[in-house]
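Worksheet: the structure to be examined is printed underneath.
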Amino acid sequence: MTDCLFCKIAAKEISSSVVYEDDLILAFKDINSVSPFHILIITKEHYRNILDVPDEKLINIMKAIKKIAKEYNLDESGFRIVNNCGNDGGQEVDHIHFHMLAKRSHSWPPG
Ligand code: 5GP
Ligand code: ZN
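So for the sequence shown, the numbering used here puts the first residue at -12; every next one is plus one.
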């Protein structure tokens, strides 16, 4: 999608600090981190939100999360995955993304 921030990041038209990449997925540091480890995991292909991602492609995001958790030694300490979907979910960028937060403890419930 031409006018999408995360499509531009996926296409490397806008630079980001990449922590993981494969054919379908890109993970990069959030520009406004709220945790010592705060990355965004996106599909390279544009989908507006989780409801638009074909079921068979959702697993690629989950596989990337598992690989990143192992690569960054988060399997013992743990982490939080957040997907903000739509207005009530607080989604600001309309390109599917999961936040992965770690390296501190995270309270519940969120605001
Ligand atoms: P949302 O509220 O849509 O779930 O989260 C969007 C996230 O994208 C925010 O945490 C915000 O800091 C991050 N973000 C917005 N613009 C940029 C950018 O240009 N580069 C990076 N790396 N992150 C961004
Ligand atoms: Zn997009």
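Heads up, the beta-carbon is just placed ideally off N, CA and C, and yes, glycines get one too.
**Prompt:** Taking 8 Å as the cut-off, does the CB of residue 79 come closer than this to any heavy atom belonging to the ligand 5GP?
**Reply:** Indexing the sequence shown from 1 puts residue 79 at position 92. For the ligand 5GP, at least one heavy atom lies less than 8 Å from the Cβ of residue 79.
**Request:** Determine the extent of the beta strand (DSSP E) in which residue 8 is found, giving its start and end residues.
**Result:** In the sequence shown, counting from the first residue as 1, residue 8 sits at position 21. 5 to 8 is the extent of the beta strand (DSSP E) around residue 8.
**Own chain partners of residue 77 with C-beta closer than 8 Å, once the 5 adjacent residues on each side are dropped** = One-based indexing of the sequence shown puts residue 77 at position 90. For residue 77, where only same-chain residues beyond five positions count, the Cβ hits under 8 Å are 71.
**Item:** First through last residue of the alpha helix (DSSP H) which encompasses residue -2
**Value:** Translated into the one-based positions of the sequence shown, residue -2 becomes position 11. For residue -2, no alpha helix (DSSP H) run applies, since DSSP gives it neither H nor E.
**Item:** Where the beta strand (DSSP E) through residue 87 begins and ends
**Value:** Your numbering for residue 87 matches position 100 in the sequence shown. Counting along the chain, the unbroken beta strand (DSSP E) around residue 87 starts and ends at 84 to 89.
**Prompt:** Alpha carbon to alpha carbon, what distance is there between residue 58 and residue 74?
**Reply:** Translated into positions along the sequence shown, residue 74 becomes position 87. Translated into positions along the sequence shown, residue 58 becomes position 71. Their backbone Cα atoms lie some 33 Å apart in a straight line.
**Message:** Bridge partners for residue 69 per DSSP, in chain order?
**Reply:** One-based indexing of the sequence shown puts residue 69 at position 82. Paired residues: 86.
**Item:** Supposed contact pair residue -4 and residue 14 - C-beta distance, whole angstroms, cut 8 Å
**Value:** Against the sequence shown, residue 14 aligns to sequence position 27. Against the sequence shown, residue -4 aligns to sequence position 9. Not quite, the Cβ-Cβ distance comes to about 11 Å (not below 8 Å), so this is no contact.
**Item:** For residue -8, three-class secondary structure by DSSP
**Value:** For the purposes of this step, residue -8 is identified with residue 5 of the sequence shown, where counting begins at 1. Here residue -8 sits in helix by DSSP.
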